[in-house]
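Trainee:
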Amino acid sequence: MFPDSKALIILDDQKTLDYIYPACIIPRLVYLHRSSMQNLSDQTVYWIGLSSIPGVGRMTFRKLVSHFGSPESVLSATRNDLKKVAGLSDKVVEGITQSRWQEFAEREVAQASEKNVAIIIMNDPGYPENLRTIADPPLYLYVRGTLQPDDTRAVAIVGTRKPTHYGRTITHRMAYELAANGFTIVSGMARGIDTQAHRGALAAGGKTIAVLGCGIDIAYPSENKALMEEIAAHGAIVSENPLGTKPEAGYFPARNRIISGLARGTVIIEAAEDSGSLITAKNAHEQQRKLFAVPGNVGSTTSRGPNSLIKDGAILAETAGDIVRALGGTIKPNKKQSQIPSLTPEEQAVFTCITHEPKHIDVLLHECRSSAGILSGILVSLELKGLAKQLPGKYFARTD
215 MFPDSKALII LDDQKTLDYI YPACIIPRLV YLHRSSMQNL SDQTVYWIGL
265 SSIPGVGRMT FRKLVSHFGS PESVLSATRN DLKKVAGLSD KVVEGITQSR
315 WQEFAEREVA QASEKNVAII IMNDPGYPEN LRTIADPPLY LYVRGTLQPD
365 DTRAVAIVGT RKPTHYGRTI THRMAYELAA NGFTIVSGMA RGIDTQAHRG
415 ALAAGGKTIA VLGCGIDIAY PSENKALMEE IAAHGAIVSE NPLGTKPEAG
465 YFPARNRIIS GLARGTVIIE AAEDSGSLIT AKNAHEQQRK LFAVPGNVGS
515 TTSRGPNSLI KDGAILAETA GDIVRALGGT IKPNKKQSQI PSLTPEEQAV
565 FTCITHEPKH IDVLLHECRS SAGILSGILV SLELKGLAKQ LPGKYFARTD
């Protein structure tokens with residue numbers, strides 16, 4: 215439809231144009247309003263420019279825009295007008311009136327365009343609706359990939375960076391089933407649970423959104439660079455941080471409110487008592503979104519977080535169906551699970567002893583009350599049927 219990298223469309227009604235061609239769908243679209251001839255890119259420059267001024271955080275930004283009406287009006291205000299705003303420091307007044315923000319903002323917009331990154335400001339119709347309603351939404355988002363209206367049907371899945379086999383398996387399965395049921399999976403692309411959540415959604419052919427605690431042009435952790443590209447092709451990478459922002463610890467707590475804010479519900483799978491995932495859980499509670507926790511082994515440190523959340527009122531989630539039903543939906547049957555191969559009575563007895571948490575063969579020998587030769591043969595049969603797998607050290611676990 216658009217053979218060139220840019221398309222120029224002129225309409226009398228700016229709102230109609232925004233509705234037809236939201237910037238998140240066609241980031242390079244340039245459009246002009248007959249009366250003002252001011253395009254969205256210009257607005258983005260003002261938003262980025264105002265927020266880049268030292269001392270202008272999200273609260274100050276909103277206060278100034280509330281007072282003057284728009285970021286552009288703030289940046290063109292006189293020193294005397296600015297001093298009438300209660301609580302505004304001399305540092306902020308100087309930053310606004312010296313206009314040093316403009317060079318940075320224009321460079322940021324240009325570099326984003328070069329990197330195929332869309333910048334979606336809060337008053338853009340493409341800004342995520344779930345996120346727009348939280349108490350402290352990002353002023354704008356850097357986006358690679360595509361955000362769509364049906365992303366409102368989203369579930370966030372987060373947890374420890376060092377999961378057990380049980381945690382990895384449960385996460386992948388839950389994300390797979392939720393994505394297969396039309397839910398967008400939101401996570402933070404960190405090692406461990408986050409990575410499995412994204413991979414599970416992608417394996418189901420579903421959508422997933424990764425929220426970064428660094429600039430959108432930085433792959434963190436570096437081993438997830440290929441995953442990052444796959445997510446951008448089948449969903450979106452999102453960040454509120456300027457291009458080139460390094461993944462420093464202070465950015466991640468703020469990132470977590472975006473993860474929970476994009477979703478209708480948040481699932482915690484394996485998290486220690488001091489895990490950053492519990493910040494996401496706290497955010498979900500404050501945002502009045504559903505909070506789920508997957509119970510774990512009471513002897514495992516990674517189970518203390520979710521088990522504690524369940525004690526405090528989080529919804530216990532054993533399956534994706536628990537989550538879907540709590541969100542008012544009906545889950546479709548899992549075809550993978552409904553096609554379990556037939557088992558002999560001996561195979562069924564051994565399969566019952568095998569869990570998602572790896573068990574050593576000596577434990578299985580004791581629990582199944584079988585000889586080593588017979589058990590080994592049954593385990594090979596279960597592996598061939600795709601129901602069990604052997605892990606290093608003669609441990610065995612379920613594959614589903």
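Residue numbers (my numbering): 215 to 614.
Glycine is no exception: its CB is placed at the ideal position from the N, C-alpha and C atoms.
(1) Expressed to the nearest angstrom, what Euclidean distance is found between the alpha-carbon atoms of aspartate 365 and threonine 398?
(2) Give me the Cα-Cα distance between alanine 450 and glycine 359, rounded to the nearest whole angstrom.
(3) Please give me, in chain order, every unbroken run of the alpha helix (DSSP H) with length at least 4 that falls completely inside the segment 380-432.
(4) Tell me the residue span of the beta strand (DSSP E) that contains leucine 655.
(5) Less than 8 Å between the C-beta atoms of lysine 376 and glycine 406, yes or no?
(6) Here's a check: name, in chain order, each residue in its chain whose Cβ is nearer than 8 Å to the Cβ of methionine 442, leaving out the five neighbours to either side.
(7) Please name the residue, chosen from Asn497, Val512 and Ala540, that lies closest to alanine 349 on a Cα-to-Cα basis.
(8) Quick check on alanine 446: does DSSP put it in helix, strand or coil?
(9) Which runs of the alpha helix (DSSP H) spanning at least 4 residues fall entirely within the segment 461-545, listed in chain order?
(10) Using the Cα positions of leucine 601 and tyrosine 354, report the straight-line distance between them to the nearest angstrom.
(11) With distance defined between alpha-carbon atoms, name the residue in Ala300, Ala463, Arg469 and Gly420 nearest to proline 445.
(12) Where does the unbroken alpha helix (DSSP H) through alanine 326 begin, and where does it stop?
(13) Spell out the partners DSSP gives serine 453 in its beta bridges.
(14) Measuring straight from C-alpha to C-alpha, what distance separates valine 400 and glycine 263?
(15) Just to check my reading of the structure: serine 514 and threonine 378 have Cβ atoms closer than 8 Å, yes? What is that Cβ distance to the nearest angstrom?
(16) Would you mind reading off the limits of the alpha helix (DSSP H) that contains glycine 591?
(17) Less than 8 Å between C-beta atoms, sequence neighbours within five positions excluded: which residues of the same chain meet that for lysine 460?
(18) Along the chain, where does the beta strand (DSSP E) containing alanine 611 start, and where does it finish?
(19) DSSP on isoleucine 371, reduced to helix/strand/coil?
(20) Under the DSSP definition of a beta bridge, which residues are partnered with alanine 332?
(21) What separation, rounded to the nearest whole angstrom, lies between the Cα atoms of serine 595 and serine 556?
(22) Across the segment 328-348 and the segment 299-317, are there enough close Cβ pairs to call them in contact, namely three or more that are closer than 8 Å?
(23) If glutamate 308 and leucine 457 are in contact, beta carbons under 8 Å, what's the gap, nearest whole angstrom?
(24) Helix, strand or coil, according to DSSP, for leucine 605 in the structure here?
(25) Taking only the alpha-carbon atoms, compute the straight-line gap between serine 249 and glutamate 328 and give it to the nearest angstrom.
(26) Between the alpha carbons of alanine 447 and threonine 292, how many angstroms are there, rounded?
(27) Report the rounded CA-to-CA distance for leucine 593 versus asparagine 521, giving the unit in angstroms.
(28) With H, G and I counted as helix, E and B as strand and the rest as coil, what does DSSP make of histidine 580?
(29) Evaluate aspartate 615 with the Cβ neighbour count: other Cβ atoms within 10 Å of its Cβ, from every protein chain shown; 16 or more gives buried, anything less gives exposed.
(30) Identify which residue in Arg478, Thr494 and Gly519 has its Cα closest to the Cα of alanine 485.
(31) Where do the ends of the alpha helix (DSSP H) carrying alanine 291 lie?
(32) Could you spell out where the alpha helix (DSSP H) holding proline 559 opens and where it closes?
(33) CB of valine 307 to nearest heavy atom of the ligand MN: below 7 Å?
(34) Thinking C-beta only, is valine 481 closer than 8 Å to alanine 370?
(35) Measuring alpha carbon to alpha carbon, tell me which residue in Ser287, Ala418, Gln257 and His281 is nearest valine 299.
(36) Could you give the distance in angstroms between the alpha-carbon of valine 279 and the alpha-carbon of tyrosine 341?
Mentor: Judging by the given coordinates:
(1) Rounded to whole angstroms, aspartate 365 to threonine 398 spans 6 Å at the Cα level.
(2) Whole-angstrom Cα-Cα distance: 4 Å.
(3) At a cut-off of 4 residues, the continuous stretches assigned as alpha helix (DSSP H) that sit fully inside the segment 380-432 are 407-417.
(4) Any question about residue 655 goes unanswered here, given that the chain covers just 215 to 614.
(5) In this structure, glycine 406 lies closer than 8 Å to lysine 376 by Cβ.
(6) These residues qualify, in order along the chain: Met403, Ala424, Ala433 and Ile451.
(7) Among Asn497, Val512 and Ala540, the Cα nearest to that of alanine 349 belongs to Asn497.
(8) Alanine 446 falls in the helix class under three-state DSSP.
(9) Every alpha helix (DSSP H) of 4 residues or more that sits fully in the segment 461-545 is shown, in chain order, as 465-475, 491-500, 518-525 and 534-540.
(10) If you draw a straight line from the Cα of leucine 601 to the Cα of tyrosine 354, it comes to about 46 Å.
(11) Before going further, note that residue 445 is isoleucine rather than proline in the sequence given. Checked all of Ala300, Ala463, Arg469 and Gly420; the closest Cα to isoleucine 445 is Gly420.
(12) Looking at the DSSP string, the run of the alpha helix (DSSP H) that includes alanine 326 is 315-328.
(13) According to DSSP, which records beta bridges pairwise, serine 453 is partnered with Tyr356.
(14) Distance between the alpha carbons of valine 400 and glycine 263 is about 29 Å.
(15) Confirmed, Cβ separation roughly 7 Å.
(16) Looking at the DSSP string, the run of the alpha helix (DSSP H) that includes glycine 591 is 586-598.
(17) So the list reads Cys428, Gly429 and Ile432, once near-sequence residues are dropped.
(18) Looking at the DSSP string, the run of the beta strand (DSSP E) that includes alanine 611 is 609-612.
(19) Strand, per DSSP.
(20) DSSP output for alanine 332 lists Val357 as bridge partner(s).
(21) The C-alpha of serine 595 lies about 11 Å from the C-alpha of serine 556.
(22) By the criterion of at least three beta-carbon pairs nearer than 8 Å, the segment 328-348 is not in contact with the segment 299-317.
(23) Contact between glutamate 308 and leucine 457 is ruled out by a C-beta separation of about 25 Å, above the 8 Å threshold.
(24) DSSP places leucine 605 within a strand segment (E or B) once states are collapsed to three.
(25) Since pLDDT at serine 249 reaches only 31, below the 50 mark, its modelled position is unreliable, and no value is offered.
(26) When rounded, the distance between both Cα atoms is 45 Å.
(27) Rounded to whole angstroms, leucine 593 and asparagine 521 show a C-alpha spacing of 32 Å.
(28) In this structure, DSSP gives histidine 580 a helical state, which the three-state scheme calls helix.
(29) Past the boundaries of the shown model lies residue 615; the chain is included only from 215 to 614, so the question cannot be answered.
(30) The shortest Cα separation from alanine 485 among Arg478, Thr494 and Gly519 belongs to Gly519.
(31) Looking at the DSSP string, alanine 291 is not in any alpha helix (DSSP H), and its letter there is neither H nor E.
(32) Note, proline 559: alpha helix (DSSP H), 559-567.
(33) What this structure holds is no ligand at all, so the ligand MN is not there to describe.
(34) The answer is yes: Cβ separation under 8 Å.
(35) Nearest option by C-alpha distance: His281.
(36) Between valine 279 and tyrosine 341, the C-alpha separation is close to 18 Å.
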